[in-house]
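J.:
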């Protein structure tokens, strides 16, 4: 690395051949020559973090499916904390104690008692938020309560559907299937969007999201969904393909929802926890919207016996 303090003038411009080579390499690899992709990610960091997260998820599922439950609880609590920090940009103060208590209760009750318990604990969480905030005074109470209810829903309540997936005897396989299909949506959409994307899908919300990327997402999800359902859950391949296409649509909606939230709040990322990705919620956005979709569709394609 050169020491800029020893130079007496501006750095020399790169030679034409060197500049051309750098540009060509960047074009071929989809990067800007500094490790960042056309989609704005630091690719090496993004890949490393993605692999690390995958190892944590798979590692917690390999030995005993219940080990995934604390991983899920930590992830959802961090996501709720990031959402709390994000909405604070708009002057909303979320009462975090009832949100966290509610989040943990929803995740545990869904795993041990099923969907009815998840809905019940969500309702109790909403009541707890209302009582907690009103007890603190009425100034801006409706604004803060609305923000807290949103955080209780997203990510906490939606995260509860991961507990429902996990609760089945083959819950570890259902979680793996869900992760594979949802990640396939991200990978397919990213690859097709970077190299083929020309027609923006929603430029006012997410300028880099394209219809070509969505097509790649749907195709990749359909393939992974079909193969995964047949091999992991002994399902019918075409039902897996249907699940994949629906998941691709849900994942795209999730991305656009989070893009809309961040645009309204005037922020780029939900946090800085994950290098190359932003905050944990920047990775959970599509996952959270897809969890209830996959749970419901697996009741059709691979019912629990």
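Numbering (the working numbering), first residue to last: 161 to 465. Heads up, the beta-carbon is just placed ideally off N, CA and C, and yes, glycines get one too. Since we're looking at a predicted model, the values are computed, not measured.
Give me the DSSP bridge partner(s) of residue 362.
T.: 366
J.: Following the continuous alpha helix (DSSP H) through residue 428, name the residue where it begins and the one where it ends.
T.: It is not in any alpha helix (DSSP H) - residue 428 carries neither H nor E in the DSSP assignment.
J.: Quick check: the Cα distance between residue 462 and residue 394, rounded to an integer number of angstroms?
T.: 8 Å
J.: Whole angstroms is fine: what's the gap from residue 448's alpha carbon to residue 295's?
T.: 31 Å
J.: If the criterion is Cβ atoms closer than 7 Å, does the pair residue 348 and residue 380 meet it?
T.: yes
J.: List the endpoints of the continuous alpha helix (DSSP H) containing residue 303.
T.: 301-311
J.: Assuming residue 321 is part of the alpha helix (DSSP H), what are its boundary residues?
T.: 318-327
J.: Quick check on residue 395: does DSSP put it in helix, strand or coil?
T.: coil
J.: Where does the unbroken alpha helix (DSSP H) through residue 271 begin, and where does it stop?
T.: 256-273
J.: So, helix, strand or coil for residue 452, using DSSP?
T.: Correct three-state label for residue 452: helix.
J.: In whole angstroms, give me the CA-to-CA distance for residue 299 and residue 359.
T.: 46 Å
J.: Could you tell me the distance, in whole angstroms, from the CA atom of residue 325 to the CA atom of residue 455?
T.: Each residue's Cα considered, the two are about 6 Å apart.
J.: If the criterion is Cβ atoms closer than 7 Å, does the pair residue 308 and residue 255 meet it?
T.: Closer than 7 Å, so yes.
J.: Run the CB neighbour count on residue 373, radius 10 Å, all protein chains shown included, and call it buried at 16 or more, exposed below.
T.: buried
J.: For a quick check, are the C-beta atoms of residue 316 and residue 236 less than 7 Å apart?
T.: yes
J.: So residue 337 is in the alpha helix (DSSP H); what residue range does that whole segment cover?
T.: 331-356
J.: For residue 253, does the three-state DSSP call read helix, strand or coil?
T.: coil
J.: Since residue 319 contacts residue 225 with CB under 8 Å, what's their CB separation in whole angstroms?
T.: So it is not a contact: roughly 16 Å between Cβ atoms.
J.: I'd like to check one pair, residue 416 with residue 362: are the Cβ atoms closer than 7 Å?
T.: yes
J.: Check each candidate in 230, 245, 251 and 339 and name the one with the smallest Cα separation from residue 392.
T.: 339
J.: Can you grab the Cα-Cα spacing for the pair residue 244 / residue 259, in whole Å?
T.: 10 Å
J.: Relative to the C-alpha of residue 457, which candidate in 400, 443 and 411 has its C-alpha closest?
T.: Nearest option by C-alpha distance: 400.
J.: Once DSSP output is grouped into helix, strand and coil, what is the label at residue 415?
T.: helix
J.: Exposed or buried, residue 337, counting other C-beta atoms within 10 Å across all chains shown (16 or more means buried)?
T.: Answer is buried; the Cβ neighbour count reaches 16.
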